[in-house]
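K.L.:
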Amino acid sequence: MKEKTIREVSKFNNELKLQGFKAFQIEEDGTETRTYSRKEFYKICLTTGKSKIHYSDKTYEQEGTILFFGNPHIPYSWETISTSYVGYTILFSEDFFKNSERSESLQQSSFFKIGGTAVLKISEEQRIFLNTIFQKMITEQESDYVFKDELIRNYISLIIHESLKMEPSENYEHNKNASSRLTSVFLELLERQFPIETIQNPLQLRTAQQYAQHLNVHINYLNRAVKEVTGKSTTTHITERIITEAKALLLHTDWSISEIAYALGFDYPTYFNNFFKKQTGTNPSSFRLSEV
715 MKEKTIREVS KFNNELKLQG FKAFQIEEDG TETRTYSRKE FYKICLTTGK
765 SKIHYSDKTY EQEGTILFFG NPHIPYSWET ISTSYVGYTI LFSEDFFKNS
815 ERSESLQQSS FFKIGGTAVL KISEEQRIFL NTIFQKMITE QESDYVFKDE
865 LIRNYISLII HESLKMEPSE NYEHNKNASS RLTSVFLELL ERQFPIETIQ
915 NPLQLRTAQQ YAQHLNVHIN YLNRAVKEVT GKSTTTHITE RIITEAKALL
965 LHTDWSISEI AYALGFDYPT YFNNFFKKQT GTNPSSFRLS EV
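By the working numbering, the letter at position 7 of the sequence shown is numbered 721, and the numbering carries on one by one without gaps.
1. Alpha carbon to alpha carbon, how far is leucine 901 from isoleucine 974?
2. Quick check on the DSSP output: what are the complete beta strand (DSSP E) runs of length 3 or more inside the region 913-937, in order along the chain?
3. Taking a contact to mean a Cβ-Cβ separation below 8 Å, would you say valine 943 touches serine 894 in this structure?
4. Out of Ile971, Thr984, Glu775 and Asp981, state which residue places its alpha-carbon closest to the alpha-carbon of phenylalanine 1001.
5. Tell me whether lysine 862 counts as near the ligand NAD, meaning its Cβ is closer than 7 Å to at least one heavy atom of that ligand.
6. Just to confirm, is the Cβ distance from isoleucine 804 to alanine 892 under 8 Å?
7. Is the CB-CB distance between glutamine 918 and glutamine 927 below 8 Å?
8. So for threonine 779, helix, strand or coil by DSSP?
9. With the cut-off set at 8 Å, would you say leucine 904 and alanine 939 are in Cβ contact?
10. Isoleucine 866 and glutamine 849 - do their beta-carbons sit closer together than 8 Å?
11. Can at least three beta-carbon pairs, one atom from the region 764-779 and one from the region 788-797, be found at a separation below 8 Å?
12. Mind checking who threonine 761 pairs with in its DSSP beta bridge?
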């Protein structure tokens, strides 16, 4: 049974990565929702039950039917409280949706932004309508229709636009202020970049500007907030975390200095050497030897 489950999960992930999209019923999902990479896929869930969702700076505790929007760049977790929990989930990559002429609506939608509305309370009438859309996507993904990807993208756009017309949920808890909220999300996003597990998946976010872009805020606003709350600059936090990871890779892997440099997002080993020496006072090779 365990071997069968592993094969099913592997098949699920392979299909998701190849197609950039997957729709399924939650009651048929099993362990699948816990095995895909949240760093790569947007998520929309239509669920009925009792749950608590921690998303960015907010906590939503809901009972009944809700529509949830998950952004891969914003940390979130989901606690299922009720014994029965049903509904639908769709996962899709940014590249999949970018092929649509309407892709800008994804980036600009308030549902996928920090400080936006990640959870909507859904009426019974709305649930019935949205159920139909999710069911159509599940059917289409298995069809041989040549333009099914474009049709599925249209269904996603329809869900987003229908949601924009709904009353947003107000059942959430705020952090103390906007600065602490943004800083908390930045630090969580920073930590999610690590550990670096393979050379084939190097560090993607290395600068304060890149983090600001992923968090949909101006770089100056991010810098002010982080400095105000922690006393350190955004760049200092990023630098310290990269150095910590560099030391771990030097001590606990047999990767070459060049491979570690690439894994940490440096274009050339010399750039990494200079960066490491500036921060630690020694070069990577000497550090590795001194700790043996």
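In this text, a Cβ means the ideal position worked out from N, Cα and C, and glycines have one as well.
P.N.:
Quick answer:
1. As a position in the sequence shown, residue 901 is number 187, starting the count at 1. As a position in the sequence shown, residue 974 is number 260, starting the count at 1. Whole-angstrom Cα-Cα distance: 23 Å.
2. none
3. Residue mapping note: residue 943 aligns to position 229 of the sequence shown, counting from 1. Residue mapping note: residue 894 aligns to position 180 of the sequence shown, counting from 1. Cβ distance < 8 Å, so valine 943 and serine 894 count as in contact.
4. By one-based count along the sequence shown, residue 1001 stands at place 287. Among Ile971, Thr984, Glu775 and Asp981, the Cα nearest to that of phenylalanine 1001 belongs to Ile971.
5. With respect to small molecules bound, the structure shown includes none, and the ligand NAD cannot be examined in it.
6. Stepping through the sequence shown from its first residue, residue 804 is reached at position 90. Stepping through the sequence shown from its first residue, residue 892 is reached at position 178. No.
7. Residue numbering aside, residue 918 sits at position 204 when the sequence shown is read from its first letter. Residue numbering aside, residue 927 sits at position 213 when the sequence shown is read from its first letter. Contact flag unset, no.
8. Working through the sequence shown from its first residue, we reach residue 779 at position 65. It is a strand residue.
9. Along the sequence shown, one-based indexing puts residue 904 at 190. Along the sequence shown, one-based indexing puts residue 939 at 225. Result no, Cβ atoms of leucine 904 and alanine 939 do not sit closer than 8 Å.
10. Position 135 of the sequence shown, counted from the start, is the residue given in the question as residue 849. Position 152 of the sequence shown, counted from the start, is the residue given in the question as residue 866. In this structure, isoleucine 866 does not lie closer than 8 Å to glutamine 849 by Cβ.
11. yes
12. Sequence index remark: in the sequence shown, residue 761 carries index 47 (1-based). Answer is Ile780 and Gly801.
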